[in-house]
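Each residue of the sequence shown is one higher than the last, beginning at 146 in the numbering used here.
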Amino acid sequence: MYKTIMVGVDGSKPAEKAFEVAVDMAKRYDARLLIVSIYSPPAIALLGDIPPYPPKVPKEVAEKIEPLLKKYEEQAKKEGVKVVESKIVPTWDNPGAGFVTEAEKQGCALTVIGSRGLTGVKRALLGSVAEYVVKNAHCSVHVVR
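What follows is the structure, encoded as C-alpha cells:
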C-alpha cells in the first residue's frame, strides 16, 4: 500500500510519537522510511520575497538535529526498517510547505507528522504545520497526537 513513508521530526514529544507510528507502519507495509527535519529561518514570515536558494542551516541547528536524525535512523534500522535517508531540509517557506515539497519530491505515499499546537500570535502568523500538510500534501497524511 505504501512504498515510501516520510516522517517529520524535530525533537518534540509529538514528533517522537510520529516517528514510532511511522516505524510501525513501515514494518507493516514493508515500506521505506524517509526521516526529515525542516529548517526554516524564524523571521521568514515577515520578509516577503523568498530568495531563489535554500537557506544555510546554522551550525548550532545542525549540531542539535543531526544526532537526533542519526538516532532515529539507527532505531528504525534496528527494527528492520529500510531507511531511504535522514536529513535536514532547509527552506525559506514555512515548515509545512517544506514537508509537502519534500514528500512530493521523494515520491512519498504517506507523510506522518506530529500534532503540535501553536498558540496566539505564532499560530495567527504561521498556522499549524500539521494543518498545512493535511490541506496541501499530494499524498496521505497521518497526524499523531
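In this text, a Cβ means the ideal position worked out from N, Cα and C, and glycines have one as well.
Buried is the label assigned to R177, since at least 16 other Cβ atoms lie within 10 Å of its Cβ.
Taking all protein chains in view, the Cβ of P159 is crowded by 16 or more other Cβ atoms within 10 Å, so the residue is classified as buried.
Around the beta carbon of P212, fewer than 16 other beta carbons lie within 10 angstroms, which makes this residue exposed. The way I'd put it, the region 225-245 does touch the region 179-188; three or more beta-carbon pairs between them come closer than 8 Å. Taken atom to atom, the span from the alpha-carbon of R173 to that of A248 is near 20 Å.
By the 16-neighbour rule on beta-carbons within 10 angstroms, D175 is exposed. The continuous alpha helix (DSSP H) containing G241 extends over residues 240-250.
Less than 9 Å separates the beta-carbon of V289 from that of S260. Here Y184 carries a strand assignment [DSSP, helix/strand/coil]. Under the DSSP assignment, V166 falls in the alpha helix (DSSP H) whose first and last residues are 158-174.
Considering only A282, M170, L214, Q220, the residue with the shortest C-alpha distance to V154 is L214. Separation of G252 and I258 (C-alpha to C-alpha, rounded to the nearest whole angstrom) is 16 Å.
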